[in-house]
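Engineer: Before I ask anything, here is the structure I am working with.
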Amino acid sequence: KGSTWGYGEENGPSLWHKDYPVAQGSRQSPIDIVPSEASFDPRLAPIQLSYDQCTSINISNNGHSVVVEFDDSDDRSVIHGGALPNPYRLRQFHFHWGEKGCHGSEHTVAGKAFVSELHLVHWNAEKYKTFGQAAQEPDGLSVLGIFLETGDDHRWLHKITDALYMVKFKGSVSDFKGFNPKCLLPSSLHFWTYPGSLTTPPLHESVIWIVLKEPIVVSEKQMGKFRMLVFNGEEEDSRSRMENNFRSPQPLKGRKVLASFK
Ligand SMILES: Cc1cc(=S)c(O)co1
Ligand SMILES: [Zn+2]
């Protein structure tokens with residue numbers, strides 16, 4: 002069977018282009034965001050997250066990250082504003098992180114990396130019938146990226162980190178109801194936005210990225226709990242700690258980054 006992609010020496014980001022040639026495309030993510038080169042656009046609407054009726058379903062380890070999935074059968078939880086043409090439906094969120102004491106975010110800000118990055122994935126259900134179809138369209142997805150930096154414990158992140166032991170191995174799934182990701186937002190919703198892609202294969206160039214300027218603060222201890230996850234399945238004999246599951250910044254190729262703030 003074909004070798005599946007990952008973050009190791011043999012199957013990591015520098016090799017993804019062999020199976021996914023779009024990896025060398027013209028709107029790949031992540032990127033290095035250079036604030037001084039971003040242009041303030043007063044026409045950008047503020048970001049609004051209508052998550053109050055959101056329905057989280059489960060938390061799972063897909064062998065690349067830990068993912069919380071939502072019921073996206075109607076418009077109960079949507080994001081709107083920014084450069085989005087209409088509201089996009091919340092589908093799932095997941096994280097990318099590094100190893101102990103090291104960086105692990107995907108986007109960087111003037112070359113600065115953060116310890117982790119939270120991605121809230123939304124899709125354009127107004128225009129496309131399914132997530133899978135939307136994921137292949139240039140205006141199909143919108144991912145809200147939030148940086149994590151280390152400091153004090155995050156008062157709500159424990160709801161996620163306390164569940165991680167249930168999904169240690171690839172393929173494990175556990176109930177995860179009643180979680181509203183609004184509790185993971187920083188105080189400011191100032192953002193940068195630009196056209197990009199999924200940061201994991203199939204790397205579809207279908208994402209309108211919205212990256213918040215203000216990071217949230219989590220403790221090193223809380224980050225450590227993400228690192229007890231493993232990439233491998235319970236039955237596999239290889240034991241590889243889930244960490245450094247991030248792609249590095251990709252060429253801008255002429256794209257403009259817009260800022261919602263001066
Ligand atoms: C849909 C999706 C989006 C991102 S950013 C990711 O890492 C995996 O899957
Ligand atoms: Zn992601």
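Residue numbers for the sequence shown follow the numbering used here, so the first one is 2 and each next one is one higher. Note that the Cβ used here is the ideal one computed from N, Cα and C, for glycine as well. Please read all numbers here as calculations on a predicted model, not as lab measurements.
(1) For residue 92, collect the residues of the same chain with a Cβ closer than 8 Å to its Cβ; drop the 5 residues on either side in sequence, then sort them by chain order.
(2) For my contact list, residue 21 and residue 202 are in at a C-beta cut-off of 8 Å; report their separation, rounded to the angstrom.
(3) Determine the direct distance from the alpha carbon of residue 239 to that of residue 146, and round the result to whole angstroms.
(4) Grouping DSSP H, G and I as helix and E and B as strand, with all else coil, what is residue 88?
(5) May I have the straight-line CA-CA distance separating residue 2 from residue 19, to the nearest angstrom?
(6) Where does residue 209 sit, in a helix, a strand or coil, going by DSSP?
(7) By the 10 Å Cβ neighbour count, where 16 or more other Cβ atoms means buried, how is residue 115 classified, buried or exposed?
(8) Check the C-beta distance from residue 127 over to residue 88 and give it rounded, since I have them as a contact under 8 Å.
(9) What residues in its chain sit with their C-beta under 8 Å from that of residue 54, if we drop five residues either side in the sequence?
(10) Give me the residue from 148, 204, 232 with the minimum Cα distance to residue 104.
(11) Tell me the DSSP secondary structure of residue 39 in three-state form.
(12) Within this structure, are the beta carbons of residue 50 and residue 183 separated by less than 8 Å?
(13) If you pair each beta-carbon of the stretch 227–237 with each one of the stretch 58–69, do three or more pairs fall below 8 Å?
(14) Is the beta carbon of residue 95 within less than 7 Å of some heavy atom of ligand 2?
(15) According to DSSP, is residue 70 part of a helix, a strand, or is it coil?
(16) Could you pull out every residue in the same chain whose Cβ sits closer than 6 Å to the Cβ of residue 14, ignoring the five residues on either side in sequence?
(17) Using the Cβ count rule (16 or more neighbours within 10 Å means buried), how would you classify residue 216?
(18) Grab me the residues of residue 197's own chain with a C-beta within less than 6 Å of its C-beta, minus the 5 sequence neighbours each way, in chain order.
(19) Along the chain, where does the beta strand (DSSP E) containing residue 146 start, and where does it finish?
Structural biologist: Put simply:
(1) Within the same chain, 70, 71, 73, 122, 123, 124, 132 come within 8 Å of residue 92 by CB-CB distance, once the 5 residues on both sides are set aside.
(2) The pair is a contact, with the Cβ atoms about 5 Å apart (cut-off 8 Å).
(3) Roughly 31 Å between the two C-alpha positions.
(4) coil
(5) Any reading at residue 2 must be qualified, since the residue scores a pLDDT of 46, below 50, and its modelled position is unreliable; the value itself is stated next. Cα to Cα, residue 2 sits roughly 16 Å from residue 19.
(6) In the structure shown, residue 209 sits in a strand (DSSP, three-state: E or B).
(7) buried
(8) 7 Å
(9) 77, 78
(10) 148
(11) coil
(12) Yes. Within cutoff.
(13) A contact is defined here as three or more CB-CB pairs under 8 Å, and the stretch 227–237 meets this definition with respect to the stretch 58–69.
(14) At least one heavy atom of ligand 2 is nearer than 7 Å to the Cβ of residue 95, so yes.
(15) strand
(16) 248
(17) buried
(18) Excluding residues within five positions, the ones whose Cβ falls inside 6 Å are 28, 30, 208, 210.
(19) Taken as a continuous stretch (DSSP letters only), the beta strand (DSSP E) holding residue 146 covers 142–151.
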